[in-house]
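Protein chains in written order, with the working numbering: chain A, 24 to 391; chain B, 24 to 391.
This is the structure:
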């Protein structure tokens, strides 16, 4: 960053402005989680695991949009065979998602999983859970304990003296205690629900009861693209703003490649991490004299391939435009059929509306 | 709601579970704001105000998606003439958005504005602001004092001893004090910035300094559809979860009709207000045996016209599907090429994949 960008330096100085709960550090295939490490972005493939090429293709696309850890389901022996091939060619650490069958968990560890995710409540018995713990311990592989509102232990679920978040937290805490009693502490914990209030209350309880265990946050079954984006952004955002959460997954019923994009937008919005440029663009109103939505959409599209964490302003009027554009690294304030391009607080060019986008990106290229 | 829907009753019982700061009550064209009233959803037209038909058309579309108060810019005398026609035919209370010219503010009040929004800092002098205050007072019309990070008072902006949120809050507080000293207390206050950390800190300061003044929340110039949705959902969500905020506007550089939809998704996610059905749908994974994204998208589309605040689950696998679907009012858990439809915890039908959506909506229709 050069001297012409005072505001971005300020933005970087305030990175991680939020109080982070001091959890233990766990490494998943070299990606640190907890103990103040940057909040890691996760996603999950939805291809058939037995289709190695399709799964690796999707992992590649997830990596392109900033996914840092990927989870792959291993539901069968055939999937386990494929899993080994996936792990050995994946550009990202691969977590095996296991339900019901502890032998698949042990097999995934042997096949090179960076971690395994199990719900101890559906593995069948503590003896079987212990077999997974021991295999992970020997291999030095972390386990994510994943408790889910949809598959609570029946005994806990039946207790009428507990709220739903208390049931989820109690399940999670009792599993963690069991793991620790067996000498295994390489744990990441998640307790997911599909509604935000349960997600908030459960994770607050977990953070209070287990302050050293890194938490994986997510709102599960959050819905399609828009609803899932809103639920994840507010649910995860509220917790992260409280200093709770060490890694996140945004769950969407959509192309998985949408998930890391939303996750990064969230971390960027909170001032915690930034991966791509941010656009500051006004909502337009009856004062707007240019086709600002088209300009902003095109700027966003062109910025997506730019890995400079700068702030670009696209403003549609003279009321707030120049003031806001001054605060960005670069910006344009549009009047009637023309634009004023600003950089580092100085007007650098006045261009016709048709030339705004090209001129803006010419100036962005000069920011190097 | 009938006896078969225990979870929805629980959801309704927990409506407004968040501590609401006890602000004064202000009414904008009959819509209450503050004092524990439901958080009102606002938006703003981006048509030319002089085009009465286009503006009324857009207001109609905003009303259709749940907008409760609409703001219209009045930048000129010509716009003011049109504004009167818009107000008299609008299905929603109309707030006049005024910059620079106090005579336009007074004219808008005379023309029947439900409220006026001014930034006292750009009206020119306190004498001119006082003319607006007196006109509003005589007409019984509230004023939104709207301070904006992009147009701060130069004297305040120059102070090096204050942080940016402190400058915004100081501007806002001094304006409110002036209004109150003149005997006018029918105030809604907003202080908007384009970044979430400034938005959070500024509104926390305002809530602490002015606990009785209703706050209008928004992240301004939040960006295009996805980025703006994420920034608004986390920024506004964090404040609402802290009990701060009495009315909201989601700002998007997009069709204004997207804004109330996101606002309602947010209020629904937080358990504060619900307008349309909610979908609970899983993110799909390698275990999914049906085309769940298409099914969930189609269910979402069909639900949009349904004004029952029910929860519909669309689940793609046997692991969490049945458990989650039981918690919804109605749901489907999909296996290989077929679906089990649940209602109130009971399986009601087993249907082929092609019939899932029709069968689901047949059962939803029977929920009346």
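Even for Gly, the Cβ is constructed at its ideal location relative to N, Cα and C.
As the structure is a computational prediction, the values presented were derived from the model and not from experiment.
- A residue is called buried when at least 16 other Cβ atoms come within 10 angstroms of its Cβ; residue 243 (chain B) meets this threshold and is buried.
- Taken atom to atom, the span from the alpha-carbon of residue 183 (chain B) to that of residue 147 (chain B) is near 24 Å.
- Among the residues of the stretch 81-101 of chain B, those with a Cβ less than 7 Å away from any Cβ of chain A are 95, 96 and 98, in the order of the chain.
- Selection B:61, B:114 and B:63 evaluated against residue 84 (chain B) yields B:114 as nearest (Cα-Cα).
- In the three-state scheme derived from DSSP, where H, G and I count as helix and E and B as strand, residue 326 (chain A) is classed as helix.
- The DSSP assignment places 149-162, 177-180 and 187-204 as complete runs of the alpha helix (DSSP H) inside the stretch 148-227 of chain A, in order along the chain (cut-off: 4 residues).
- Linking residue 263 (chain B) to residue 294 (chain B) through their CA atoms gives a straight-line distance of about 11 Å.
- Within the DSSP bridge table, the entry for residue 239 (chain A) names A:270 as partners.
- The continuous beta strand (DSSP E) containing residue 55 (chain B) extends over residues 54-56.
- Nearest neighbour of residue 80 (chain A) by Cα position, chosen from A:64, A:280, A:339 and A:366, turns out to be A:280.
- Excluding the 5 residues flanking it on each side, residue 378 (chain A) has no same chain C-beta neighbour closer than 7 Å.
- Nearest in C-alpha terms to residue 211 (chain B), of all of B:233, B:225 and B:221, is B:233.
- Contact annotation: residue 96 (chain B) and residue 310 (chain A) have beta-carbon atoms nearer than 7 Å.
- Apart from the 5 residues on each side of it in sequence, residue 326 (chain B) sits with its Cβ closer than 7 Å to the Cβ of 299, 300, 302 and 335 in its chain, given in chain order.
- Chain A places no beta carbon closer than 7 Å to that of residue 269 (chain B), leaving this residue out of the contacts.
- In the displayed model, residue 363 (chain A) falls within a strand according to three-state DSSP.
- DSSP, read as helix, strand or coil, puts residue 278 (chain B) in coil.
- Only buried fits residue 57 (chain A), as 16 or more other CB atoms lie within 10 angstroms of its CB.
- Residue 316 (chain A) carries a helical assignment under DSSP once its states are collapsed to helix, strand and coil.
- One finds 292 in chain A with Cβ atoms closer than 7 Å to the Cβ of residue 254 (chain B), taken in chain order.
- In this structure residue 350 (chain A) does not touch residue 313 (chain A) by the C-beta definition: roughly 20 Å separates them, more than the 8 Å allowed.
- In this structure, the straight-line span from the alpha carbon of residue 238 (chain B) to that of residue 231 (chain B) is close to 12 Å.
- Residue 305 (chain A) sits in coil when the DSSP states are folded into three classes, being neither helix nor strand.
- At least one beta carbon of chain B lies nearer than 7 Å to the beta carbon of residue 323 (chain A).
- Rounded to whole angstroms, the gap between the alpha carbons of residue 123 (chain B) and residue 227 (chain B) is 28 Å.
- For residue 288 (chain B), the C-beta contacts it makes with chain A under 7 Å involve 249, 250 and 253, in order along the chain.
- Residue 389 (chain B) and residue 332 (chain B) do not touch by the CB rule: their CB atoms are close to 17 Å apart, not below 8 Å.
- Residue contact check for residue 219 (chain B) against chain A: a CB pair falls below 7 Å.
- Straight across, the Cα-Cα distance linking residue 186 (chain A) with residue 259 (chain B) is about 27 Å.
- For residue 50 (chain A), the enclosing beta strand (DSSP E) begins and ends at 49-51.
- Chain A places a beta carbon closer than 7 Å to that of residue 246 (chain B), counting this residue as a contact.
- Residues of chain A with a Cβ closer than 9 Å to the Cβ of residue 176 (chain B) do not exist; the shortest Cβ-Cβ separation is about 12 Å.
- In the DSSP assignment, residue 75 (chain B) falls within the alpha helix (DSSP H) that extends over 75-87.
- Against chain A, the beta carbon of residue 79 (chain B) has no neighbour under 8 Å; the closest one sits roughly 13 Å away.
- The shortest CA-to-CA distance from residue 305 (chain B) to any of A:375, A:112 and A:171 is the one to A:171.
- For residue 268 (chain A), same chain residues with a beta-carbon under 6 Å away, outside a window of 5 residues either side, are 238, 240 and 262 in chain order.
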